[in-house]
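Note sheet for the following structure.
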Amino acid sequence: MNFIDEINKLKKQKNAIILTHCYQNIEIDEVSDFVGDSLYLSKAAANTDADIIIFAGVYFMAQSAKLLSPRKRVFLPNMNSGCLMADMIDADNLKKFKQLHPNLPVVCYINSTAEVKAECDICCTSSNAVNIVKSLNTQKVLFVPDTYLGKWVEKQLGNVEVITFNGFCPTHLRIRVEDIEKARKEYPDALILTHPECHGEVSKLSDFVGSTKEIIEYAQKSNNKQFIIATEKGVVDRLNRDSKCNNWGKEFILINENIICPNMKHNTLEDIYNTLVNETNEIFIDSEIAKKARICIDKMLSV
Ligand code: 13P
Ligand code: SF4
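Numbered per our numbering, the sequence shown spans residues 1 to 303.
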């Protein structure tokens, strides 16, 4: 069966759209309406007129789409697609963390469950984390779950203490200082572009640190021809495809061949097809939790 043709037909029949995170297997772009990072996809989910959203990403992303479009039906093609970082904190250990540091605003990275968002003051993505923390006009904040993104924000701002929960992304932490040193030797003319979920020592040695979207924009605008990408493989695949299609003459090299988020790779074209046919794997969120979590995301979107 040609899944691409069948999916495109079903999308029209059912007034469905497919939102795809840049870490997905690249063939999923062939059936996608929007491909991008989590901030871009959250906005696309909030603004769509479709009846059905298929979210090719991980669970918290589909949940966020449901929070932003509660009247739409939202589906995750493969329910094994969880985010290991998001699953490092739940409502109970968030409560304990807050008790240890009372009366401080709590910022949560969008890589968190609706239950966690419901107990936080404002949400952020890696694209807007610095601005969100700054917007709080405070000297101290709590930041969950990613300690590395939180500490990177603290460094960028310089005048805010960011107290972080000890969550992390196992995929980005696989990038080591030795990888940077090796890349510098092998590709002396390349620029190293890094996601802020990486270890602080890795970020410190990079030429540019930014979210998925910022890395892509930087690579497009730069006059350099060779780049080492210190984030998930899907970003490198898309940059090389776009360079080829648009004759940029640029080369993008994954810092280390193991930088693949296994959970992001569960969704397949066949899963998307099955989800559209059977309407299984729908996302439902408790209404009280949804109400509170939505406020947390809306505050982010209004900044
Ligand atoms: P972005 O917010 O850059 O899309 O990243 C999401 C993510 O899961 C990074 O590991
Ligand atoms: Fe979660 Fe890390 Fe995968 Fe991003 S790369 S979805 S943070 S486990």
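We put the CB at the ideal spot given by N, CA and C, even for glycine.
- Annotation for Val141: Leu104, Pro105, Val106, Val107, Val133, Val160, Glu161, Val162 and Ile163 place their beta carbon closer than 8 Å to its own, counting only its chain and skipping 5 residues before and after.
- Between Met88 and Gly158, the C-beta spacing is not below 7 Å.
- With the rule of 3 Cβ pairs closer than 8 Å, the region 195-205 counts as touching the region 141-153.
- The C-alpha of Asp207 lies about 12 Å from the C-alpha of Asp189.
- The shortest CA-to-CA distance from Ile253 to any of Met264, Lys265, Arg294 and Asn240 is the one to Asn240.
- Just so you know, the alpha carbons of Glu181 and Glu201 end up roughly 12 Å apart.
- Distance from Leu39 to Lys213 at the Cβ level is roughly 7 Å; contact confirmed, criterion being Cβ atoms closer than 8 Å.
- Spanning the alpha carbons of Ile259 and Lys95 requires a straight line of approximately 32 Å.
- By the CB criterion at 7 Å, Ile228 and Ala293 fall outside the cutoff.
- Separation of the CB atoms of Tyr59 and Gly82 is rounded to 5 Å, and the pair is thereby assigned contact status at 8 Å.
- Bridge pairing for Leu193: Phe208 and Ile229 [DSSP].
- Within the chosen limit of 6 Å, the ligand 13P does not reach the beta carbon of Asn258 with any heavy atom.
- Contact between Asn131 and Val303 holds: their C-beta atoms lie close to 6 Å from each other, under 8 Å.
- The DSSP-derived three-state label of Glu270 is helix.
- CA-CA distance, Cys120 to Asp33, rounds to 31 Å.
- Here DSSP, grouped into helix, strand and coil, assigns Asp29 to helix.
- According to the DSSP assignment, Cys296 belongs to the alpha helix (DSSP H) that extends over Ser287 to Ser302.
- Runs of the alpha helix (DSSP H) lying entirely within the region 20-90, each at least 4 residues long, are 38-47 and 59-68 in chain order.
- Assigned with DSSP and collapsed to three states, Asp146 falls in strand.
- A distance below 8 Å between beta-carbons, with the five flanking residues on each side excluded, links Met264 to the following residues of its chain, in chain order: His21, Tyr23, Gln24, Gly57, Val58, Ser81, Glu232 and Gly234.
- No Cβ-Cβ contact shorter than 7 Å links Asn256 with Asp146.
- For the ligand 13P, no non-hydrogen atom lies closer than 6 Å to the CB of Asp189.
- When the Cα atoms are used, Cys123 and Cys296 turn out to be separated by approximately 5 Å.
- Rounded to the nearest whole angstrom, the CA to CA distance from Tyr187 to Ser42 is 36 Å.
- Only exposed fits Lys225, as fewer than 16 other CB atoms lie within 10 angstroms of its CB.
- Judged by DSSP in its simplified three-state form, Val162 adopts strand.
- Residue list for the ligand 13P: Asp37, Ser38, Thr125, Ser126, Ser211 and Thr212 (CB closer than 5 Å to any heavy atom, chain order).
- In this structure, Asn111 has its CB closer than 6 Å to one or more heavy atoms of the ligand SF4.
- Assignment of beta-bridge partners to Ala114 by DSSP yields no partner.
- Secondary structure of Cys198 (DSSP, three-state): coil.
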